[in-house]
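Step one of this worksheet: look at the structure below.
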Amino acid sequence: MTKKIDMIVVGAGASGLMCAGTAVENGRKVLVLEKNRVAGKKLAITGKGRCNVTNNCDRDEFFFNIVRNPRFLYSSYSSFTPQDTMSFFESRGVPLKTERGNRVFPVSDKASDIVRALENYCGSENIIQKEVEDLIAEDGGVRGVLCKDGTRYFSKKVVLCTGGLSYPATGSTGKGLEIASKYGHTVITPEPSLVPLETKEVFPLQGLALKNVTVTIIKKSGKSPPRSEPGEMMFTHFGVSGPLILSASSFCESGDSISIDLKPGLDEKTLDRRICGDFAKNINKNFKNSLKDLLPLKLIPVIIEKSGISAEKKVCLITKEERLFFVRLIKNFTFEVKRKRPLSEAIITSGGVSVDEINPKTMESRILKGLYFAGEIIDVDAYTGGFNLQIAFMTGRAVGKV
Ligand SMILES: Cc1cc2nc3c(=O)[nH]c(=O)nc-3n(C[C@H](O)[C@H](O)[C@H](O)COP(=O)(O)OP(=O)(O)OC[C@H]3O[C@@H](n4cnc5c(N)ncnc54)[C@H](O)[C@@H]3O)c2cc1C
5 MTKKIDMIVV
15 GAGASGLMCA
25 GTAVENGRKV
35 LVLEKNRVAG
45 KKLAITGKGR
55 CNVTNNCDRD
65 EFFFNIVRNP
75 RFLYSSYSSF
85 TPQDTMSFFE
95 SRGVPLKTER
105 GNRVFPVSDK
115 ASDIVRALEN
125 YCGSENIIQK
135 EVEDLIAEDG
145 GVRGVLCKDG
155 TRYFSKKVVL
165 CTGGLSYPAT
175 GSTGKGLEIA
185 SKYGHTVITP
195 EPSLVPLETK
205 EVFPLQGLAL
215 KNVTVTIIKK
225 SGKSPPRSEP
235 GEMMFTHFGV
245 SGPLILSASS
255 FCESGDSISI
265 DLKPGLDEKT
275 LDRRICGDFA
285 KNINKNFKNS
295 LKDLLPLKLI
305 PVIIEKSGIS
315 AEKKVCLITK
325 EERLFFVRLI
335 KNFTFEVKRK
345 RPLSEAIITS
355 GGVSVDEINP
365 KTMESRILKG
375 LYFAGEIIDV
385 DAYTGGFNLQ
395 IAFMTGRAVG
405 KV
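Here my numbering = 1-based position in the sequence shown + 4.
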């Protein structure tokens, strides 16, 4: 079968759907090839099924949250800001709400509403279930694609929107990166980012969520200063996860230390006074029975063990030295990172096609004419908060306009 089309978009994820829809809106004949039976499989599970679709922040804050290659995004950001993303969805029948940290969600709390709006935008009749195997290229330019079943589609513009390598069950298995590399592009080694961390010491705290804590990452190299952020985290059967940990994973590696301040609202002196008060109330009790107002129940035996004070010791016998050590422990509950969980469990793949080989205005390859990239396949990534989808939308938008 042979077909001529203005633009072939490979991958019907966040970036592919936005790219295709924009091109259709501009009067182009577009074909979207998606290997899954349904479009937007990853998009449908984003934000725990609620889809944190963008972040309602200003320019400075947006770029503060881009971990790798923010400059590459300056142009596409100017053409499609987070506020443009919001207007885009609201004008297509998806009312939005802004939550803590400027995170934007559909009012319905349904990621499927976002998928549906994008599918309607690009026209579901333009999406075909096909797995792309290779490009067709000649004379330094792209001519079309070859599908796994042998079908060829011809177009002088092909956009790779195949995502990274995380959550491969959603379709992002790295095929686009393999194709980009085959045609001479540098692929920065894909690494897991926004991923839970395994810790050397695994505490029996599985499922414990800590809501108001500060997490500090102390680099083993000592080269960069410790980085702290307040927020939420949780313990798992292998180590730690939750929003603070996922963000920290972007700059964290094996051997670094995680230090949790369990009482960030109190400085050491105030915390000591608070503990003295608790001790006074429980003066004849065992140490382990004096901490119920201070710490979550599950955490008490773990912290007691770390403190070196016997759980059975009478509170009245605890020395000042022991108490001050305990105060410091609560402000600095520290353990070591063993490794990141694998790429398959990462929210985001860092690495991808080198930005040096992509025109930041059009997203066209500087190596193969007519080949474009959008979304996570590019070596850009961000922290949690809706920034990664915003990157997918604005890079997709940039290509759709060419
Ligand atoms: C669990 C989870 C939750 C997340 N939550 C959020 C969130 O709330 N907010 C946020 O900003 N970001 C979130 N992200 C990140 C966000 O989902 C991604 O950054 C975004 O989906 C990337 O879009 P993309 O279009 O580049 O790739 P994808 O959405 O991965 O789409 C790629 C598409 O290409 C298709 N494809 C791949 N290879 C081929 C091929 N050879 N032929 C044909 N089709 C192919 C795939 O099947 C897939 O449909 C989350 C990620 C995960 C895993």
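By construction, the Cβ of each residue, glycine as well, lies at the ideal position given by its N, Cα and C atoms.
In the displayed model, E135 falls within coil according to three-state DSSP, outside both helix and strand.
Cβ neighbours of T166 within its own chain (closer than 7 Å, five residues either side excluded): V14, G15, S176, K179, G180 and I381. Residue state for E257 is assigned as coil, using DSSP reduced to three classes. Residue ranges of uninterrupted alpha helix (DSSP H) with 4 or more members, entirely inside the stretch 66-154 and ordered along the chain, are 78-83, 86-94 and 115-126. Using a cutoff of 7 Å, the CB of T218 does not count as near ligand 1, since none of the ligand's heavy atoms is closer than that. Membership of R156 in the beta strand (DSSP E) is indicated by the continuous run R156 to F158.
Shortest Cα-Cα distance from K317 to any of E205, G25, K302 and L295 involves L295. When DSSP states are grouped into helix, strand and coil, S19 belongs to the helix group. Listed in chain order, the non-local C-beta contacts of S261 below 6 Å within the same chain comprise I222, T338 and E340, local neighbours out to five positions each way being set aside.
A378 and L250 have their alpha carbons spaced roughly 23 Å apart. According to DSSP, F339 shares a beta bridge with I262.
Here DSSP, grouped into helix, strand and coil, assigns D360 to helix.
Under the three-state reduction of DSSP output, V36 falls in the strand class. Distance check between L301 and each of K227, K273, S369 and L214 places L214 closest, using alpha-carbon atoms only. Placement of the Cβ of I249 at a distance of 7 Å or more from every heavy atom of ligand 1 is found. The beta-bridge partner set that DSSP reports for M11 consists of V34. Within the chosen limit of 7 Å, ligand 1 does not reach the beta carbon of T240 with any heavy atom.
Between the stretch 340-360 and the stretch 185-205, the count of C-beta pairs closer than 8 Å reaches three or more; the two stretches touch.
Taken from the Cβ of N60, every heavy atom of ligand 1 lies 7 Å or farther away.
Collapsing the DSSP output to three states places R63 in a helix. Scanning F239, T388 and A121 for the CA closest to the CA of V306 turns up F239. Just measuring C-alpha positions, the residue of L21, F291 and N130 sitting nearest S314 is F291. When only Cα atoms are considered, F397 and M22 end up about 6 Å apart. Counted as a single uninterrupted DSSP element, the beta strand (DSSP E) harbouring V191 occupies residues V191 to S197. Scanning its chain for C-beta atoms nearer than 6 Å, with the 5 sequence neighbours on each side dropped, one finds around I304 the residues L295, in chain order. In the three-state DSSP reduction, D282 falls in the helix class (H, G or I). Across the structure, D62 and R370 are spaced so that their CA atoms are roughly 31 Å apart. For G226, there is no enclosing alpha helix (DSSP H), since its DSSP letter is neither H nor E.
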